[in-house]
Every structure is written in structure tokens, then in C-alpha cells.
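These notes concern the structure reproduced below.
In mature numbering (1 follows the signal peptide of the UniProt record, and there is no 0), the protein residues as written are -20 to -1, 1 to 315.
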């Protein structure tokens, strides 16, 4: 049984976390094994405080894709918060590429890199999830990847909008709401649904609507579910997996429930090509810049008492009162 420990104060601090990432998540229902070498642009996002108080959250909270060696594309709702100075997602997100098995984090992974800057659009709406995409700029380059890992984006936005086309959503995840039965990266085959026929009414032209087949073995509709928002939607064309979308929202608490349909909605990234290129060129201003001082303040460590040892930063004297109190931590993200 996987088990992680955290101090009581880390739990208390986390209880104040306010983020839409807890409200909109997606995993894969009826998924099958996905080889990370096939979907090598995929990256996983984790909460990681190991260098500060020795703790981390088990399981990735969102997915993303590699734009280049220092930029990750994900959903804005994964990292957006009205108070980023007091947000675990803003301050302690770590990106892990080439992750086949989720349980390999944090001690059996090729590399990990912290997020330094967060970009999302001025017109992002956290209520409707319109314009739901963000770019994470990393503190340092990813060293175990090459250009072959970079996400391939579409050159047009119309070729794939056809009910005859097939799509693949990728993520680490649950097989139904609140149940995580697999550790490996998963894939799910989905079909295009015209926006006018989408189960969710009034979705904009900047979103893609998808549905999956119903499994004869369990009666469940293939779909995204809780836990990996921001992950890619690929269209296979010309021998390549082209990323046409990223997971935005779906059936919520009803995924993996045969009584409900499981239509999923994705942000269509072609519509944002100019904005993405502008961020990569350094022409956009970050919505939030992470500083070491803010991280230390969040966990209650002063600059003078911090350490760069492998065991993480030393803790402030106020924390010592609680050193004997540890509890198991398992982060659940509910839709």
C-alpha cells in the first residue's frame, strides 16, 4: 500500500487552499495501457514540498503537454487561484515528463522541475471555463527530453471536426469516481460530437465535445473523469498524434456511473495558437511569478533557517512542537 506522511501543520495549511483544480478534474474511464514513448509529449503535475518540509501529495493532480524544454501547456483551472501567494498549486507544482507509472513519483523518476511562472489569458473565466488553458514556465530546462517530445499542434482547426474522426485522450487515472485501480498511463478512444449536439449546452466554438463507446463488460461509457485535467486530446493523422485539445471538464461525479452519460469537453488549442506562440517568444507577462521567499513563507521557514540538503529545508522553531504528530496524507480531488 502506498503511503505518504506529512506534518499536521502541512495539513492545516493545505486546508486553506482555494483552487478550481479541486472542482474540475478528469481521469480516464475504460482506459487502456498507453505507452509513454507513444505519447511522449505528456507531462504530469504534482504537488511537491519535499525540499521544504519533506512532504508531497500522492498522485498527480493534473496533466499537461510539453511545448518546449521550459514550457508546459495545461488547463488554467489546474493552477488558477485568486490568492496565488497561499496556493499549493501556484507555489509547489512540480512537472514530471516521461512518467509511465504514477507511483514512481518522487523517487524513481527521470527528472522533475518546479514551475517558475504561470500564464493564462485575460479572458479566462473560472466559472464557465471559457479559454481554459495555461502555460507553465519552468525554473530550469527539462534535460531528459528532446524536440521529439514536443507537442505537435494542428495547422488548421477544421480538418478533424468530423464524426468519422477518432481521438485519444491520455492521462493517469481512475476507472470511476473516487476509485484508482491503475497506476500506468492510460488512453481512451473518443469520438467527435458537433457542438450543436453536445450534452453541455451553449459551449463556445473554442471547445471540442467528445463521447466514448459504452463497454459491454461494465456498461460504462469511455470518458475522462476525476484527476487529470489539462491532459491532451490527440487526433491521429498522417502517422502522427496531433494535439488538438486539452481536457477541460466532463461528467464530474457521474463518470464511471452507467446511469449517466459521460460527454467530455476539451479546450481546442488551435484557437489559441497566436497566444501560445507569444508566450513562448517571451512577449506575454506572467500572471504569477513564483519566488523562493513566498514558498518559504507558506511553509513557515525563514530564509536564515532554510537548507538545501537532500532532506529538504529545515523547519522553523514553531514547527518543532508538532514534530511528533504525523498523519497519512492522501489528496483526493473531487469534481
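Just so you know, even glycine gets a beta-carbon here, dropped at the ideal spot from N, CA and C.
Closer than 6 Å by C-beta to residue i: which residues in its own chain qualify, once you throw out the five before and the five after it? Chain order, please.
i           : result
residue 16  : 78, 80 and 165
residue 13  : 164
residue 326 : With the chain represented from -20 up to 315, any question about residue 326 goes unanswered, as that position is not in the structure.
residue 178 : 189
residue 140 : 215 and 224
residue 269 : 97
Tell whether a beta-carbon distance below 8 Å holds between residue i and residue j.
i           : j           : result
residue 98  : residue 52  : no
residue 119 : residue 93  : yes
residue 319 : residue 187 : Here the chain comprises residues numbered -20 to 315, so residue 319 is not present and cannot be evaluated.
residue 104 : residue 47  : no
residue 180 : residue 143 : no
residue 174 : residue 124 : no
residue 249 : residue 109 : no
residue 279 : residue 66  : no
residue 43  : residue 22  : yes
residue 228 : residue 209 : yes
residue 121 : residue 96  : no
residue 212 : residue 18  : no
residue 54  : residue 226 : yes
Just verifying my parser: in three-state terms, what is the DSSP assignment at residue i?
i           : result
residue 260 : helix
residue 201 : Reliability fails at residue 201, whose pLDDT of 47 lies under 50, so the model's placement of it is uncertain and the value that follows must be treated cautiously. Strand at residue 201.
residue 3   : Low confidence applies here, because residue 3 scores a pLDDT of 36, under 50, leaving its location unreliable and the question unanswered by this model.
residue 127 : helix
residue 249 : helix
residue 214 : strand
residue 228 : strand
residue 329 : Residue 329 is absent from the structure shown; the chain starts at -20 and stops at 315.
residue 81  : strand
residue 292 : For residue 292, the predicted structure reports a pLDDT of 34, less than 50, and the residue's modelled location is therefore unreliable. A value from the coordinates is still provided. Coil, per DSSP.
residue 139 : coil
residue 122 : coil
residue 254 : helix
residue 208 : coil
residue 134 : coil
Can you find the residues in the same chain that come closer than 8 Å, C-beta to C-beta, to residue i, ignoring five residues on each side of it along the sequence?
i           : result
residue 27  : 36, 37, 41, 68, 69, 72, 73, 74 and 311
residue 274 : 65 and 71
Which residue or residues does DSSP assign as beta-bridge partners of residue i?
i           : result
residue 27  : 73
residue 12  : 167
residue 46  : 52
residue 35  : 29
residue 147 : 170 and 215
residue 187 : 247
residue 320 : The question about residue 320 has no answer here: the residues shown for the chain are numbered -20 through 315.
residue 22  : 45
residue 220 : 217
residue 152 : 165
With a threshold of 7 Å on Cβ separation, who are the neighbours of residue i within its own chain once the five nearest residues in sequence on each side are excluded?
i           : result
residue 267 : 98, 99 and 100
residue 145 : 172 and 215
residue 260 : 47, 48 and 51
Please confirm if residue i has its CB atom under 8 Å from at least one CB of chain C.
i           : result
residue 134 : The displayed structure is made up of one protein chain only, and chain C is not part of it.
Quiz item: Curious, which full-length beta strand (DSSP E) runs of at least 3 residues does the region 86 to 117 contain?
Solution: Fully enclosed beta strand (DSSP E) runs of no fewer than 3 residues occupy 93 to 100 of the region 86 to 117, in order along the chain.
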